[in-house]
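K.L.:
In my numbering, the protein residues as written are 29 to 502. Positions of the beta carbon are idealized from the N, C-alpha and C atoms, including for glycine.
#1: Spell out a yes or no on whether the region 278-298 and the region 344-354 are touching, meaning 3 or more CB-CB pairs, one atom from each, closer than 8 Å.
#2: Tell me whether the beta-carbon of residue 92 lies closer than 8 Å to the beta-carbon of residue 63.
#3: Look at the alpha carbon of residue 85 and the alpha carbon of residue 200, and state the distance between them as a whole number of angstroms.
#4: For residue 495, which of helix, strand or coil comes out of DSSP?
#5: For residue 466, which residues does DSSP report across the bridge?
#6: With DSSP run on the structure shown, which of helix, strand or coil describes residue 154?
#7: Could you pull the start and end residues of the beta strand (DSSP E) that residue 20 belongs to?
#8: Is DSSP giving residue 351 helix, strand or coil here?
#9: I need the boundaries of the beta strand (DSSP E) containing residue 484, first residue and last residue.
#10: Measure the alpha-carbon distance for residue 351 versus residue 357 and round it to whole angstroms.
#11: Going by C-alpha to C-alpha distance, which of 144, 78, 96 and 82 sits closest to residue 44?
#12: When you compare only the Cα positions, how much space is there between residue 163 and residue 187?
#13: Return the first residue and the last residue of the alpha helix (DSSP H) that residue 318 is part of.
#14: Compute the Euclidean distance between the alpha carbons of residue 58 and residue 469, then round it to the nearest angstrom.
#15: For residue 267, name the three-state secondary structure that DSSP assigns.
#16: I think residue 185 touches residue 239, with their Cβ atoms under 8 Å apart; what is that distance to the nearest whole Å?
#17: Report the partner residues of residue 76 according to the DSSP bridge assignment.
#18: Touch check for the region 92-110 and the region 61-75: three-plus C-beta pairs under 8 Å?
#19: Is the Cβ-Cβ distance between residue 461 and residue 413 less than 8 Å?
#20: If contact is defined by three or more beta carbon pairs under 8 Å, each pair taking one atom from either stretch, is the region 107-116 in contact with the region 303-320?
#21: With distances taken from CA atoms, which of 220, 223 and 229 is nearest residue 206?
#22: Taking all protein chains shown into account, do 16 or more other C-beta atoms lie within 10 angstroms of the C-beta of residue 335, making it buried, or fewer, making it exposed?
#23: Taking the alpha helix (DSSP H) that residue 193 belongs to, which residues open and close that run?
#24: Tell me which residue opens and which closes the alpha helix (DSSP H) that residue 60 is part of.
#25: Select from 491, 430, 288 and 369 the residue whose C-alpha is nearest the C-alpha of residue 385.
#26: Thinking C-alpha only, which one of 426, 416, 66 and 208 is nearest residue 227?
#27: Contact defined as beta carbons within less than 8 Å: I believe residue 338 pairs with residue 124. What is the distance between those atoms, to the nearest angstrom?
#28: If you follow the alpha helix (DSSP H) that residue 245 is in, where does it begin and where does it stop?
#29: Looking at the unbroken alpha helix (DSSP H) that takes in residue 398, where does it start and where does it end?
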């Protein structure tokens, strides 16, 4: 028994070491640039939505701004904090499953969660997923944790609602988890109808407890708040059935997400399965919500892993007690495919794309600090360079590439109001020397490079980037 525990601990330690290694080894993500920059500016008194565009609800900005206040603009520190949230989410799910079911189910649940290609790929980068998934995982853990009686208490369900509200304030599509909580109260442990209605009410009240946070940002930013958290995304809602089909099929191969869901459904045959109605419903609704009309990407399904993992652990334990070999093959396939997929993706991207590592962006940031003054505003396609170098970017470029993705959809007055720009406006501003310095590196649009070559001169190169200075500058 002791050897088995040591082996299980070593296995889980290897999975988390794989996640932790990404703090230093994972190529930078495009979105990490604007998260680094906006969190740094938020930590220094600027208000999201009012002073710069940010297409997310406020919990993730608050989380990263708090970290930036303590550690400064640091890609390594923010990624390390996300690894800590990864561990918290896994521990919460594992402890809850162990208390409600057994240790074997808990081990499988944590293995499914920690080895998933979705969590390994997307929980470490500086994006909205880490705080959203952590809040959802803790909500699921609270739901599963055994109480004094078999019935769910009003307080517990209210806390679950509060945590689901926090998850939604990090990732808007997680609002569907509140509907899953309602499903869980009606399909969960037996209770009187009036009590079930009271539980749903408690979940809704808990969910609304964070409404003052929304009111605060809405009051400070006016209509820019609604534009950022909903209007931008509504503009991107386009019928793309082929893209949605491709995203759905990507859940089937490599097969670790499909194995996760299939094993979770096996839990419907296990004892005590009624308590799993909420997380199972949450996982299903999260998948359906992200297959709705609009832009769909594989990473959008990451929160579903936290919802399905407990049931998958229970399902795998149920299978183990009947056919150990089959259970071992199922869990082993999920772990192998899950752990291998991120590495395969990086290898594929390195062969077909220009990838930039953390060390390179830090060298570029050092170049900015050496060759520019603190008061200089610079142009860069990836705002993370500016944040790490503690320089402000050209107004309207706080979101980097995302600015142009949506800027052309709006009239000039709207772009000015909501801090957006088009390629043409950026080229005009650069041609007039509005930015004395420009950093040509990650995400610099090809359409702007002729403008840089015509109006700017090269100053230095470092970390895979070129620093340009306006020819008319004194």
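P.N.:
On the basis of the coordinates in this document:
#1: In short, these stretches touch, since the Cβ pair count reaches three.
#2: The count along the chain shown starts at 1 and reaches residue 92 at position 64. The count along the chain shown starts at 1 and reaches residue 63 at position 35. Note that the C-beta distance between residue 92 and residue 63 is below 8 Å.
#3: Counted from its first residue, the chain shown places residue 85 at position 57. Counted from its first residue, the chain shown places residue 200 at position 172. About 7 Å.
#4: Sequence index remark: in the chain shown, residue 495 carries index 467 (1-based). Residue 495 falls in the strand class under three-state DSSP.
#5: Taking the chain shown and counting its residues from 1, the one referred to as residue 466 is at position 438. DSSP lists 407 and 496 as partners of residue 466.
#6: Counted from its first residue, the chain shown places residue 154 at position 126. In the structure shown, the three-state DSSP call for residue 154 is coil.
#7: Look at the range of the chain in this structure, 29 to 502, and you will see that residue 20 is not part of it.
#8: Reading the chain shown from its first residue, position 323 is the one you call residue 351. Under the three-state reduction of DSSP, residue 351 is assigned to coil, being neither helix nor strand.
#9: Taking the chain shown and counting its residues from 1, one reaches residue 484 at position 456. Taken as a continuous stretch (DSSP letters only), the beta strand (DSSP E) holding residue 484 covers 484-490.
#10: Indexing the chain shown from 1 puts residue 351 at position 323. Indexing the chain shown from 1 puts residue 357 at position 329. Going by the C-alpha atoms only, they are around 10 Å apart.
#11: Here residue 44 corresponds to residue number 16 of the chain shown, with the count starting at 1. Comparing Cα positions, the closest option is 144.
#12: Translated into the one-based positions of the chain shown, residue 163 becomes position 135. Translated into the one-based positions of the chain shown, residue 187 becomes position 159. If you take the alpha carbons of residue 163 and residue 187, they lie about 11 Å apart.
#13: Residue 318 sits at position 290 when you count from the first residue of the chain shown. Per DSSP, residue 318 is not a residue of any alpha helix (DSSP H), being assigned neither H nor E.
#14: Position 30 of the chain shown, counting from 1, holds the residue named residue 58. Position 441 of the chain shown, counting from 1, holds the residue named residue 469. Approximately 12 Å between the Cα atoms of the pair.
#15: Residue 267 sits at position 239 when you count from the first residue of the chain shown. Note on residue 267: pLDDT 46, under 50, position unreliable in the model; no value is reported.
#16: Position 157 of the chain shown, counting from 1, holds the residue named residue 185. Position 211 of the chain shown, counting from 1, holds the residue named residue 239. In this structure residue 185 is not in contact with residue 239, their Cβ atoms being roughly 18 Å apart against a cut-off of 8 Å.
#17: Your numbering for residue 76 matches position 48 in the chain shown. DSSP lists 80 as partners of residue 76.
#18: Short answer: they touch.
#19: In the chain shown, counting from the first residue as 1, residue 461 sits at position 433. In the chain shown, counting from the first residue as 1, residue 413 sits at position 385. It is not a contact, given that the beta carbons lie outside the stated cut-off.
#20: Under the 8 Å Cβ criterion, the region 303-320 does not count as touching the region 107-116, having fewer than three qualifying pairs.
#21: Here residue 206 refers to the residue found at position 178 when the chain shown is read from its first residue. Nearest of 220, 223 and 229 to residue 206, Cα basis: 229.
#22: In the chain shown, counting from the first residue as 1, residue 335 sits at position 307. Counting the other Cβ atoms within 10 Å of the Cβ of residue 335 gives 16 or more, which makes it buried.
#23: Your numbering for residue 193 matches position 165 in the chain shown. Counting along the chain, residue 193 sits inside the alpha helix (DSSP H) bounded by residues 182-196.
#24: Within the chain shown, residue 60 is the residue found at index 32, counting from 1. Following the DSSP letters along the chain, one finds residue 60 inside the alpha helix (DSSP H) bounded by residues 58-71.
#25: Locating residue 385 in the chain shown gives position 357, counting from the first residue. When each option's Cα is compared against that of residue 385, the closest is 491.
#26: Locating residue 227 in the chain shown gives position 199, counting from the first residue. Of the candidates 426, 416, 66 and 208, the one whose C-alpha sits nearest the C-alpha of residue 227 is 208.
#27: Taking the first residue of the chain shown as 1, we reach residue 338 at position 310. Taking the first residue of the chain shown as 1, we reach residue 124 at position 96. About 7 Å separates the Cβ atoms of residue 338 and residue 124, confirming a contact at the 8 Å cut-off.
#28: Locating residue 245 in the chain shown gives position 217, counting from the first residue. 239-249 is the extent of the alpha helix (DSSP H) around residue 245.
#29: Position 370 of the chain shown, counting from 1, holds the residue named residue 398. Residues 386-399.
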